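**Student:**
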Amino acid sequence: MAGQTLYDKLWQSHVVVGRDDGSAVIYIDRHLIHEVTSPQAFEGLRLAGRKLWRRDANLAVPDHNVPTERGERSGGVSGIVDPISRLQVQTLDDNCRDFDIVEFEINDTRQGIVHVVGPEQGATLPGMTVVCGDSHTSTHGALGALAHGIGTSEVEHVLATQCLLQQKMKNMLVRIDGALQTGVSAKDVVLAVIGKIGTAGGSGYAIEFGGEVVRNMSMEGRMTMCNMSIEAGARMGMVAVDEVTLEYVRGRTYAPREALWEQAVAAWSELHSDPDAKFDRVVELRGEDIKPQVSWGTSPEMVLPIDGYVPDPANAANATQRMAIERALEYMGLQAGMPITAIRPDRVFIGSCTNSRIEDLRSAAQVVKGKRVASTVKQALVVPGSGEVKKQAEAEGLDKVFLDAGMEWREPGCSMCLAMNADKLGAGEHCASTSNRNFEGRQGFGGRTHLVSPAMAAAAAIAGHFVDVRDW
Amino acid sequence: MKSFIAETGLVAPMDRANVDTDLIIPKQFLKSIRRSGFGPHLFDELRYLDEGYPGQDCSTRPRNPDFPLNEDRYQGASILLARVNFGCGSSREHAPWALEDYGFRCVIAPSFADIFYNNCFKNGILPIALDEDIVDSLFQQMYANEGYTLKVDLESKEVVTPEGDTYSFEVDEFRRHCLLKGLDDIGLTLQDAPAIRAYEQRLRERSPWLFDVIT
Ligand code: SF4
């Protein structure tokens, strides 16, 4: 028998009932819940008179709607100004109380963006199946878990049965060998991957990220990469378990200890693709070739290295592409042929489940230390991914560095990643953002997003336009 | 869930590639705690010239005259014709809810994003993937003929044009069965409750660290 991929192993060990066509009822080890995609699921349970299958598999946290500004935040749920946001967060609290689900409420230090909180608390672990009503659940695959986003009907399905009906995906290996240049981060790598395979490139696949670059990457970096698998079209991304994974997991609140730890580590040592495993598609990149990336358009695949030039629709390969480029240029207010470095952000956002972990904040702080945000930049927001990240950053004095540079230091949440709260772009404003999506209107009606790494966002804030952090 | 057997309906265009879920239903509408009422906000940013917000009366908002769904000829459409990678982006089920609430029962495109595709079946919407060339010719036919309709038959797995051209499509047997019958997934899975319990028992022995930790 041919060897198995990591995905094959994770899939197989979770099959409850297999069907002839290869699909299966899959057991779900961890279900993460947030306020946006769960209310209708709880309502569905109530209407059907169904019970929760297993309460200790669930963990809830509000993140999308929570205000990040200290004043508004200090009032807790009842202090949320927008009544619709308030009701949604309140509804999560009520549902968790009614169904006896553990929730980190709005001002709990453990609160934060669900995909930062899960790994940080050891609530998501290697070998698990992890789901959440949020497409960036792919993040948790960095731990060697099978993790993907689900819709609200599936949230209800998991609450009621602890299972999901799934089709098996094909296997794709994205291998990045060699070494990264100084100043180039996981975010640049994953943007380069998306630039190469396109936003539908991973459709139908489970992606495994491998190669020397990934092996040498921190857990934070791996999470950033797996996070954006969805922007590459794949529901899930994953990385094999190694020493880096174990070091990260050890000692976390919900991680196993002592004898159980030993037992778990032994089981997790299998969580890698066999040397003779067969992938349906292999994509290879060289670490040395990857430059800092900046997205110029309205889809994550519209991305270029920092020394690139905004594309000219006249050079498009076909009519569909030409139209897409024209539309993107118009929406983004950019001229064909202009250098990426000439783009001037009005706002800067450092945060989101892609890049709000401690390593991200350290790398941004290193760039801005002792400098001042350019006068043309209206606002530079730094939003830690969780209360724990915030605490750690403050212990290291990073908050001071940001504040001294003229940046704002906020309370944890999704913030300007998708503008469901008070943090948003004005129409026509450009934003250097460490988030994951640059769709039209994503960060606010008419807002123009440029996806970059934390170091690149920080450098743009200081310089007032995009610059190459390799020269910083 | 509403069953889907066959649908003959007016076809409307969404003529761009990579239509993401933010475009289908912008995030401000995700704040709702209900499942219904999203139809008036389907494609909100394209359909109206102002910025929409939840709970507003859409009847008096300025409409974008360049957006096809605002044209008289597409009123009452139940089949949406779209381009590659339709429904990419977030996992929000509000996207199929909005399509369904608007009146669409079927989306035809060369390809779909995985999560969106999955979510459609759970809401009585049939997503059909056809070859890019075929979709292209359907677009041309539709533009050329006002009142263009298609018949979509899930039983025979065929799309039939008014001229009688027939295109067969593929759909997972199980999903087809559930959609034809309007079956509730949860009820079906609960029939396997003993198997789930048995699996859980084995899991508890094999990986005890997964249990009773979050309490
Ligand atoms: S930070 Fe952004 S992408 Fe991540 S969960 Fe929040 S809204 Fe979604």
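In order, the protein sequences belong to chains F and G.
When the count follows the working numbering, it moves up by one through the first sequence with no breaks and lands on 472 for the last residue.
When the count follows the working numbering, it moves up by one through the second sequence with no breaks and lands on 1215 for the last residue.
All C-beta atoms, glycine included, are put in the ideal place defined by N, C-alpha and C.
Since the structure is predicted, the reported quantities are computational estimates derived from the model, not experimental observations.
Does residue 1186 of chain G get closer than 8 Å to chain F when you measure Cβ to Cβ?
**Tutor:** By this cut-off, residue 1186 of chain G is an interface position.
**Student:** Using a Cβ-based criterion (distance less than 7 Å to any ligand heavy atom), does residue 418 of chain F qualify as near the ligand SF4?
**Tutor:** yes
**Student:** Taking 8 Å as the cut-off, does the stretch 94-109 of chain F touch the stretch 61-76 of chain F (at least 3 CB pairs, one atom from each stretch)?
**Tutor:** yes
**Student:** List the DSSP bridge partners of residue 24 of chain F.
**Tutor:** F/18, F/166
**Student:** How long is the line joining the alpha carbons of residue 4 of chain F and residue 279 of chain F, rounded to whole angstroms?
**Tutor:** 9 Å
**Student:** According to a CB-to-CB cut-off of less than 7 Å, which residues of the stretch 1079-1096 of chain G neighbour chain F?
**Tutor:** Flagged, chain order: 1084, 1085, 1088, 1089, 1090, 1091, 1092, 1093.
**Student:** Taking a Cβ distance cut-off of 7 Å, strictly less, list which residues of the stretch 242-260 of chain F are near chain G, in chain order.
**Tutor:** 254, 256, 260
**Student:** Is the distance from the Cβ of residue 348 of chain F to the Cβ of residue 455 of chain F below 8 Å?
**Tutor:** no
**Student:** Can a CB atom of chain B be found closer than 8 Å to the CB of residue 1028 of chain G?
**Tutor:** Protein chains in the displayed structure are F and G, and chain B is not among them.
**Student:** If residue 174 of chain F sits next to residue 213 of chain F, beta carbons under 8 Å apart, how far is it from one beta carbon to the other, in whole angstroms?
**Tutor:** Contact flag wrong, Cβ pair sits at about 10 Å.
**Student:** Is it the case that the stretch 38-47 of chain F contacts the stretch 154-170 of chain F, given that we only count it when at least three CB pairs across the two stretches are under 8 Å?
**Tutor:** Contact between the stretch 154-170 of chain F and the stretch 38-47 of chain F is present, because at least three Cβ pairs lie under 8 Å.
**Student:** Tell me which same chain residues have a C-beta within less than 6 Å of the C-beta of residue 115 of chain F, skipping the five on either side of it?
**Tutor:** Cβ within range, chain order: 136, 139, 353.
**Student:** Is the stretch 123-135 of chain F close to the stretch 31-40 of chain F, with three or more CB pairs under 8 Å?
**Tutor:** These segments touch.
**Student:** Could you say which of F/250, F/308, F/258 lies nearest to residue 195 of chain F if we only look at CA atoms?
**Tutor:** Out of F/250, F/308, F/258, F/308 has the C-alpha closest to the C-alpha of residue 195 of chain F.
**Student:** For residue 967 of chain G, list the residues DSSP reports as bridge partners.
**Tutor:** Given that chain G is displayed from residue 1001 to residue 1215, the structure contains no residue 967 of chain G and the question cannot be resolved.
**Student:** With distances taken between CB atoms, is the gap from residue 211 of chain F to residue 177 of chain F smaller than 8 Å?
**Tutor:** A contact, by the Cβ cut-off of 8 Å.
**Student:** Measuring only between beta-carbons, confirm whether residue 7 of chain F sits less than 8 Å from chain G.
**Tutor:** no
**Student:** At a cut-off of 7 Å, would you count residue 117 of chain F as near the ligand SF4, judging by its Cβ distance to the nearest heavy atom?
**Tutor:** no
**Student:** Is the stretch 1010-1017 of chain G touching the stretch 1077-1097 of chain G in the sense that three or more CB pairs, one from each, lie closer than 8 Å?
**Tutor:** Inter-segment contact for the stretch 1077-1097 of chain G and the stretch 1010-1017 of chain G is present: three or more beta-carbon pairs are separated by less than 8 Å.
**Student:** Using the DSSP secondary-structure output, state which residues sit across from residue 83 of chain F in a beta bridge.
**Tutor:** DSSP lists no partner for residue 83 of chain F.
**Student:** Tell me residue 1009 of chain G's beta-bridge partners as DSSP assigns them.
**Tutor:** G/1150
**Student:** May I ask you to list the residues that DSSP assigns as paired with residue 72 of chain F?
**Tutor:** Partner(s): none; residue 72 of chain F has no beta bridge.
**Student:** Of the residues F/392, F/395, F/398, F/409, which one's Cα is nearest the Cα of residue 379 of chain F?
**Tutor:** F/409
**Student:** Bridge partners for residue 473 of chain F per DSSP, in chain order?
**Tutor:** Lying before the first or after the last residue shown, residue 473 of chain F is absent from chain F, which here runs from 1 to 472.
**Student:** For residue 1018 of chain G and residue 1168 of chain G, I'd like the C-alpha separation in whole angstroms.
**Tutor:** 24 Å
**Student:** To which residues of the same chain is residue 450 of chain F closer than 6 Å at the C-beta, ignoring the five residues directly before and after it?
**Tutor:** So the qualifying residues of the chain are 294, 295, 432.
**Student:** Is any heavy atom of the ligand SF4 found at a distance shorter than 7 Å from the C-beta of residue 423 of chain F?
**Tutor:** no
**Student:** Which word fits residue 387 of chain F, buried or exposed, when buried means at least 16 other C-beta atoms lie within 10 angstroms of its C-beta?
**Tutor:** buried
**Student:** For residue 58 of chain F, does the three-state DSSP call read helix, strand or coil?
**Tutor:** strand
**Student:** Anything in chain F within Cβ reach of residue 1199 of chain G, meaning under 8 Å, just list it in chain order.
**Tutor:** The contacting residues are 16, 27.
**Student:** Apart from the five residues just before and just after residue 277 of chain F, which ones in its own chain have a Cβ nearer than 6 Å to its Cβ?
**Tutor:** 3, 4, 5
**Student:** With burial defined as no fewer than 16 other Cβ atoms inside 10 Å of the residue's Cβ, what is the status of residue 282 of chain F: buried or exposed?
**Tutor:** exposed
**Student:** Three Cβ pairs or more, each shorter than 8 Å: is that satisfied between the stretch 1092-1108 of chain G and the stretch 1120-1137 of chain G?
**Tutor:** yes
**Student:** On a CA-only basis, which of F/152, F/162, F/71 is nearest residue 27 of chain F? Give me that one, please.
**Tutor:** It is F/162 whose Cα lies nearest to the Cα of residue 27 of chain F.
**Student:** Going by C-alpha to C-alpha distance, which of F/340, F/298, F/306, F/339 sits closest to residue 321 of chain F?
**Tutor:** F/298
**Student:** Is residue 473 of chain F near the ligand SF4, in the sense that its beta carbon is under 7 Å from a heavy atom of that ligand?
**Tutor:** What the structure shows of chain F is the stretch from 1 to 472, and residue 473 of chain F is not part of that stretch, so it cannot be assessed.
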